[in-house]
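Novice: Count the sequence shown with UniProt numbering and you get residues 1 to 476, in order.
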Amino acid sequence: MASTFGTTSCTNALCPPCFLMNTNFGAIYLTISSCLSAEFSSALSSLSLTVFQTFTFINTGYGAAVVSDGTNTYMVTRSGHRGSTIVCSCITSNLLTCDASVTPVIFYSTDATLNSNPSSECISISADSTYDISSRVCGSGFSYCPSCWILDTSSGTVSLTLSNCDNYYKIDVSSQSGMMAYTFLNTGSNLATISDGTNSWSLAAPGSGTSQAKCTCYVSGGNHLFACDIPAVAASGSTPINTFPQNVEVLSQVRFGGSTTYINYDSGIPALQMYIGSNRALSGTSTAGGSGILHGTWALDAATVTSDIRFKRDIEPLRSTLRRLWKEQSHADKQSMDESVDERQLFAWMLNQLRPVSYISKTDPLEARRFGFIAQELEQALPNMVRIVEHPDESRKTVHLLDLIALLVAASQQQNSQLESLEREDKAKSIQLHDLLQRVSLVEHLRQRLDSLERSVEQLRRETNRCCGNVTFQHA
1 MASTFGTTSC TNALCPPCFL MNTNFGAIYL TISSCLSAEF SSALSSLSLT
51 VFQTFTFINT GYGAAVVSDG TNTYMVTRSG HRGSTIVCSC ITSNLLTCDA
101 SVTPVIFYST DATLNSNPSS ECISISADST YDISSRVCGS GFSYCPSCWI
151 LDTSSGTVSL TLSNCDNYYK IDVSSQSGMM AYTFLNTGSN LATISDGTNS
201 WSLAAPGSGT SQAKCTCYVS GGNHLFACDI PAVAASGSTP INTFPQNVEV
251 LSQVRFGGST TYINYDSGIP ALQMYIGSNR ALSGTSTAGG SGILHGTWAL
301 DAATVTSDIR FKRDIEPLRS TLRRLWKEQS HADKQSMDES VDERQLFAWM
351 LNQLRPVSYI SKTDPLEARR FGFIAQELEQ ALPNMVRIVE HPDESRKTVH
401 LLDLIALLVA ASQQQNSQLE SLEREDKAKS IQLHDLLQRV SLVEHLRQRL
451 DSLERSVEQL RRETNRCCGN VTFQHA
């Protein structure tokens, strides 16, 4: 579609009082320069008359048209819409002053006649404000309520609430099958909030999120409500939009069902914190290597730790590590013993470094007795098992419990190996004992037989002496 750029000078001749702009073939940009004829002005000024030239501009097409005097610019809307005909006067400074521009009222059926002129100006506010659009006076010296609002947040956050938003010059346009359209713009570096008294929307600073909004006011159940083209923030029980076409950025809190359950960002630490019922349940801090803090007692369906060999280096048997720790901490001056120490001594030394204790945590409101270890004590013998975590108030020493599990498993394996060795020795000795018992049993049997034989010989001697006299038996 072609566009027409036209410039008309009225210096030496009177300009026609009416311009028909056919925008069916493209937009028209018309500039009227020197709108007051010099000859006409000088002729009438000699009669001591103040002269105003009047022009009418009519858009007869369905495109856009713009009229300008070189300084001021006015839009002439397409045919059939308010503002498609405007009347302008040329004042002595050769400037046009017109009585209409684009109306903020959007009619979706029949056109209605409103006994008021639309506002073509924006109003700027820099403090929290509440306006009733059904009232003529909206502040700042204007007798109308504008449809364009600039929220200047340069000095701090600004909140704007507009009630009865479907009113225009005390006329409820919804009764005329119309709706009011509004434009809101945040021009500062802080957060701006717009509201219809029920729902609220947030406007971010330019460059950091959605900083402007187009809203249409409609009436529902007697309430004048906004329908805005940005995601809503629910305020008084309304349902927020749950899909976002862009990244969502918040300054501090994301709340869930009230003011006591939320996710909070503390830029001073910095940390991302989760609060449930006003109690901090989880926090993640930005420290070297990254760290997180769990609060309270947690029940997990499953817990896993990355253990993939692809992400590990310098892998060695645990007994080799313990042997090195033995040498570095317990027997640094007895290197000869380092070679002779066996695994039983290594693991016995390691287990002796662990002092299980029971305690009551100072931060536990239930004061329940717990069981565990003292990090400072473990650090003396097993320093790599202890880690310092930075809390918001102070640094704290924590224990790698999975590392402790690995040590206890290794000690258990060593003790199991020792038990298996003892079982093998016991089995061998049991076999030897069984063989010995069998030998003893055989000797006992032979002794019993010998005793029986001696008794038989003694009886035979006695019987022989009775019949034959004394007879002497000698053992062969």
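Note that the Cβ used here is the ideal one computed from N, Cα and C, for glycine as well.
Here the structure is a predicted model, which means the values were calculated and not measured.
Any beta carbon from chain C within less than 9 Å of residue 418's own beta carbon?
Specialist: The displayed structure is made up of one protein chain only, and chain C is not part of it.
Novice: Could you check how far apart the C-beta atoms of residue 88 and residue 97 are, in whole angstroms? I think they sit under 8 Å.
Specialist: Confirmed, Cβ separation roughly 6 Å.
Novice: Would you tell me roughly how many angstroms separate the C-alpha atoms of residue 166 and residue 226, rounded to the nearest one?
Specialist: Rounded to whole angstroms, residue 166 to residue 226 spans 9 Å at the Cα level.
Novice: Leaving out five residues on either side along the sequence, give the residues of the same chain with a beta carbon under 7 Å from the beta carbon of residue 422.
Specialist: So no residue of the chain qualifies.
Novice: Measuring straight from C-alpha to C-alpha, what distance separates residue 395 and residue 292?
Specialist: Roughly 13 Å separates the two Cα atoms.
Novice: So residue 84 packs on residue 31, CB below 8 Å; how close in whole Å?
Specialist: About 19 Å separates the two Cβ atoms, so there is no contact after all.
Novice: CA-CA distance, residue 56 and residue 146?
Specialist: Near 25 Å, if we compare the C-alpha coordinates of residue 146 and residue 56.
Novice: Taking the alpha helix (DSSP H) that residue 306 falls in, what are its first and last residues?
Specialist: Taken as a continuous stretch (DSSP letters only), residue 306 belongs to no alpha helix (DSSP H), as it is neither H nor E.
Novice: Buried or exposed: which applies to residue 90, given that a residue is buried once 16 or more other Cβ atoms fall within 10 Å of its Cβ?
Specialist: Burial call: buried.
Novice: Does the region 305-314 come close enough to the region 362-370 to have 3 or more Cβ pairs within less than 8 Å?
Specialist: Segments in contact, no.
Novice: Can you check whether the CB of residue 187 is closer than 9 Å to the CB of residue 532?
Specialist: For the chain, the structure presents residues 1 to 476; residue 532 sits outside this window and is missing.
Novice: Looking at the structure shown, is residue 366 part of a helix, part of a strand, or coil, going by DSSP?
Specialist: Residue 366: coil per DSSP, three-state reduction.
Novice: Locate the beta strand (DSSP E) running through residue 281, then write down its first and last residues.
Specialist: Note, residue 281: beta strand (DSSP E), 279-285.
Novice: Quick check on residue 85: does DSSP put it in helix, strand or coil?
Specialist: Looking at residue 85 - three-state DSSP - the assignment turns out to be strand.
Novice: Do residue 135 and residue 158 have their beta-carbon atoms positioned less than 9 Å apart in this structure?
Specialist: No, Cβ-Cβ distance for residue 158 and residue 135 is not below 9 Å.
Novice: Are residue 174 and residue 131 touching if we call contact CB-CB under 9 Å?
Specialist: Contact flag unset, no.
Novice: Reducing DSSP to helix, strand and coil, say where residue 299 ends up.
Specialist: Coil at residue 299, not helix or strand.
Novice: Looking only at C-alpha atoms, which of 207, 193 and 35 sits nearest to residue 201?
Specialist: It is 193 whose Cα lies nearest to the Cα of residue 201.
Novice: What do you reckon, are the CB atoms on residue 344 and residue 418 nearer than 9 Å?
Specialist: The answer is yes: Cβ separation under 9 Å.
Novice: Would you give the residue range spanned by the alpha helix (DSSP H) that residue 186 belongs to?
Specialist: Run containing residue 186: none in the alpha helix (DSSP H); it sits in the beta strand (DSSP E), 178-186.
Novice: Which residues in the same chain have their Cβ closer than 8 Å to the Cβ of residue 356, if we skip the five residues on either side of it in sequence?
Specialist: Correct list, in chain order: 371, 372 and 373.
Novice: I'd like to confirm the pairing. Which residues does DSSP put opposite residue 215 in its beta bridges?
Specialist: Looking at the DSSP assignment, residue 215 forms a beta bridge with 182 and 228.
Novice: Does residue 396 come out as helix, strand or coil in the three-state DSSP assignment?
Specialist: Residue 396: strand per DSSP, three-state reduction.
Novice: How far does the beta strand (DSSP E) with residue 477 in it extend, from its first residue to its last?
Specialist: Examination of residue 477 is not possible in this model, given that the chain is present from 1 through 476 alone.
Novice: Helix, strand or coil for residue 72? Go by DSSP, reduced to three states.
Specialist: In this structure, residue 72 counts as coil in the three-state DSSP scheme.
Novice: How far does the beta strand (DSSP E) with residue 355 in it extend, from its first residue to its last?
Specialist: Segment: none, residue 355 is in no beta strand (DSSP E) and carries neither H nor E.
Novice: With DSSP as the reference, identify every bridge partner of residue 21, one or two as the case may be.
Specialist: Per DSSP, 59.
Novice: Thinking C-beta only, is residue 58 closer than 9 Å to residue 25?
Specialist: Contact flag unset, no.
Novice: Can you tell which of 179, 408 and 213 has the C-alpha that lies nearest to the C-alpha of residue 322?
Specialist: Ranking 179, 408 and 213 by Cα distance to residue 322 puts 408 first.
Novice: Mark residue 347 as exposed unless 16 or more other C-beta atoms lie within 10 angstroms of its C-beta, in which case mark it buried.
Specialist: Classification of residue 347: buried, given that the 10 Å Cβ count is 16 or more.
Novice: Would residue 376 pass as a contact of residue 397 if the rule is Cβ separation under 9 Å?
Specialist: For residue 376 and residue 397, yes; Cβs fall inside 9 Å.
Novice: When DSSP labels each residue in this structure, what does residue 95 get in the three-state scheme?
Specialist: Note: residue 95 maps to coil in three-state DSSP.
Novice: Is it right to say residue 405 is buried, meaning 16 or more other beta carbons lie within 10 angstroms of its own, or is it exposed?
Specialist: Exposed, since its Cβ has fewer than 16 Cβ neighbours within 10 Å.
Novice: Could you pull out every residue in the same chain whose Cβ sits closer than 6 Å to the Cβ of residue 195, ignoring the five residues on either side in sequence?
Specialist: Excluding sequence neighbours, residue 195 sits near 161.
Novice: With a CB to CB cut of under 7 Å and the five nearest residues on each side skipped, what residues in its chain are close to residue 378?
Specialist: Excluding sequence neighbours, residue 378 sits near 385, 386 and 399.
Novice: Output the boundary residues of the alpha helix (DSSP H) element that contains residue 378.
Specialist: 375-381 is the span of the alpha helix (DSSP H), which, as asked, contains residue 378.
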